[in-house]
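Residue numbers (our numbering): 33 to 355.
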């Protein structure tokens with residue numbers, strides 16, 4: 033600095049508009065600003081339109097049901113469900129050729145299980161002289177227009193005993209600003225928005241760089257789930273085979289036991305029959321002996337008296353019979 037009032041600015045921050053104006057000496061400044069602005073516009077569009085059809089949620093005042101995928105993209109529920117049905121029919125060979133709409137569904141949506149309901153808290157706003165509805169954070173009341181980082185809370189199902197509380201909770205908003213979650217903490221939000229964990233939160237309308245990270249994480253998650261499912265299937269098949277073998281073994285044992293029991297019963301019956309037959313023969317013999325003993329004629333016929341006769345009596349009897 034000199035006494036003439038001249039100033040030598042050694043720091044760029046003293047230069048008017050330095051770092052902010054597009055006409056500064058930073059040659060990359062213009063392109064960086066354009067990229068940032070394009071990303072902001074893309075995030076606003078992603079937050080206010082269906083990622084499949086491009087229809088605006090704002091124009092119909094969020095009347096239709098909205099769902100979100102694991103990558104944070106928003107869809108009109110009816111449109112995405114129809115696209116999934118057409119895709120399923122085509123895979124079975126019953127539908128028409130693949131349309132551009134079906135191709136846009138993406139690998140990350142395997143079915144309805146990958147679509148989560150989105151319930152905004154809406155508030156009235158005057159825009160261009162018209163009353164419209166815009167989503168806001170129920171805690172901070174900040175407008176969720178895509179510029180403000182927004183989180184969807186996917187709460188887990190409660191137990192049956194809490195069914196009434198769960199049905200009431202499902203009707204409430206489940207979209208908060210990221211700032212509100214950081215300030216409140218996950219534990220403080222469990223009663224109203226839970227139960228949920230950190231992994232149950234989906235960032236809506238993320239930036240391109242964040243989307244890239246989400247895709248890598250999601251692919252890894254799907255691979256782990258597929259491997260786990262395959263292992264569980266093999267284990268279940270092995271358990272079913274073991275159960276079948278055990279069942280066959282039990283049946284064989286039962287058949288063997290039944291056969292042994294039947295054989296034992298048959299032997300018992302035969303022995304009982306033999307005993308009964310022996311008793312019957314003995315009874316008949318006793319009856320005959322009793323009849324012979326009670327009848328003198330039969331006694332003479334069946335009794336052997338010759339052993340007690342003398343020689344003379346035998347000769348006399350022989351002589352009498354010859355005469």
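Just so it is clear, CB atoms sit at the ideal spot from N, CA and C, and this is done for glycine as well.
Could you check if residue i is buried or exposed, using at least 16 other CB atoms within 10 Å of its CB as the buried criterion?
i           : result
residue 139 : exposed
residue 99  : buried
residue 259 : exposed
residue 83  : buried
residue 149 : exposed
residue 317 : exposed
residue 237 : buried
residue 249 : exposed
residue 263 : exposed
residue 88  : exposed
residue 187 : buried
Let me check you understand the geometry: is the CB of residue i closer than 6 Å to at least one non-hydrogen atom of the ligand FAD?
i           : result
residue 318 : The ligand content of the structure shown is nil, which means the ligand FAD is not present either.
Assuming residue i and residue j are in contact, meaning their beta carbons sit under 8 Å apart, how far apart are those beta carbons, in whole angstroms?
i           : j           : result
residue 246 : residue 103 : 5 Å
residue 166 : residue 154 : 7 Å
residue 101 : residue 107 : 7 Å
residue 147 : residue 112 : 6 Å
Cα separation between residue i and residue j?
i           : j           : result
residue 343 : residue 322 : 31 Å
residue 152 : residue 233 : 15 Å
residue 168 : residue 175 : 4 Å
residue 172 : residue 70  : 27 Å
residue 180 : residue 213 : 13 Å
residue 73  : residue 177 : 10 Å
residue 219 : residue 235 : 19 Å
residue 78  : residue 268 : 43 Å
residue 215 : residue 109 : 31 Å
residue 278 : residue 266 : 18 Å
residue 261 : residue 255 : 10 Å
residue 226 : residue 244 : 28 Å
residue 252 : residue 157 : 42 Å
residue 114 : residue 80  : 20 Å
residue 86  : residue 159 : 21 Å
Sort the options by Cα distance to residue i and report the nearest one.
i           : options               : result
residue 182 : 170, 189 and 259      : 170
residue 224 : 210, 206 and 235      : 206
residue 68  : 264, 214, 240 and 256 : 240
residue 76  : 85, 256, 90 and 116   : 90
residue 92  : 163, 253 and 211      : 163
residue 120 : 228, 144, 78 and 87   : 144
residue 11  : 142, 188 and 221      : In the structure as shown, the chain begins at 33 and stops at 355. Residue 11 is therefore absent and cannot be evaluated.
residue 242 : 97, 105, 159 and 63   : 105
residue 189 : 80, 251 and 222       : 222
residue 97  : 63, 65, 257 and 203   : 203
Review point. Curious, which full-length beta strand (DSSP E) runs of at least 3 residues does the region 133-157 contain?
Key: 148-150
Check your understanding: What runs of the beta strand (DSSP E), each 3 residues or longer, lie entirely inside the region 167-251?
Key -> 182-185, 207-209 and 233-236
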